[in-house]
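To start, the structure itself, in structure tokens.
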Amino acid sequence: MRVEAVVPAWMLADGEYVGLAPGDHVRTGFALAVTATSAGDTDRFAQWTDRPGLTTVGGRSTTVGRTTVLCSGPWALALFTSGRLPKDVGLEVEGWLTVEPFLWVPDGELARTRPDGRLGWTVVRVRVVGDDATDLDRLPDEDGIDADAAYVLDLTR
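131 is the number that the numbering used here gives to position 105 of the sequence shown; each next residue is one higher, with no gaps.
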């Protein structure tokens, strides 16, 4: 499985994922910043080739604590949405796939309850996306961050 996931500049400023480079291994979970939802009943994963990180995922919703999680095939991801989503139903959601180290912290409630949400990945490519997409040797440290750009990791497992 291959995914493109956004690393927000503020995460890099907090020191998360700094220095990740192609070939590095990372264990992380994901969140989807939801922009659209609809009823669905199949596991599905698709990403837009012209918009890095824009993702459609189909699966079954559940709740862990106060977090809505979508379980889809071999993994689970947290859903960020402005409204409540129904629990234990089939959903298809679209949004921005983001690496999420804080919700999926190893000893946290989500990782303990849904271990399929925090998986091992290999970094294939690192990019910064602004007006243009530019490959990077690695994710920048706190001093090299462009706050107006999006950083994207291409990951595989």
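For glycine and all other residues, C-beta sits at the position ideal for the given N, C-alpha and C.
task: For S64, count neighbouring C-beta atoms within 10 Å of its own C-beta (all shown protein chains included) and say buried if the count is 16 or more, exposed if not.
output: Under this definition S64 is an exposed residue.
field: Where the beta strand (DSSP E) through R70 begins and ends
entry: Annotation: the continuous beta strand (DSSP E) that includes R70 extends over 70 to 73.
- request: At 4 residues or longer, and completely inside the segment 67 to 149: list those alpha helix (DSSP H) runs for me, N to C.
  value: 135 to 139
Sufficient close CB pairs (3 or more, under 8 Å) joining the segment 150 to 165 to the segment 98 to 109: Contact fails: fewer than three Cβ-Cβ distances are below 8 Å.
message: Under 8 Å, with one C-beta from each stretch per pair, do the segment 105 to 120 and the segment 130 to 148 reach the 3-pair mark?
response: no
Host alpha helix (DSSP H) of A173 (start-end): Counting along the chain, A173 falls outside any alpha helix (DSSP H), and DSSP gives it neither H nor E.
field: Check: D180 C-beta below 6 Å from any heavy atom of the ligand FMN
entry: Only the bare structure without any ligand can be found here, which leaves the ligand FMN out of the picture.
message: Taking the alpha carbon of A119 as the reference point, which residue from F128, E126, G45, T94 has its own alpha carbon closest?
response: Note on residue identity: the sequence assigns Val, not Ala, to residue 119. Looking at the Cα atoms, T94 is the closest of the given residues.
query: Okay, do the segment 27 to 37 and the segment 65 to 85 touch, 3+ Cβ pairs below 8 Å being the bar?
result: Output reads yes: the segment 65 to 85 touches the segment 27 to 37.
query: Per the contact definition of three or more C-beta pairs closer than 8 Å, is the segment 39 to 55 in contact with the segment 83 to 93?
result: no
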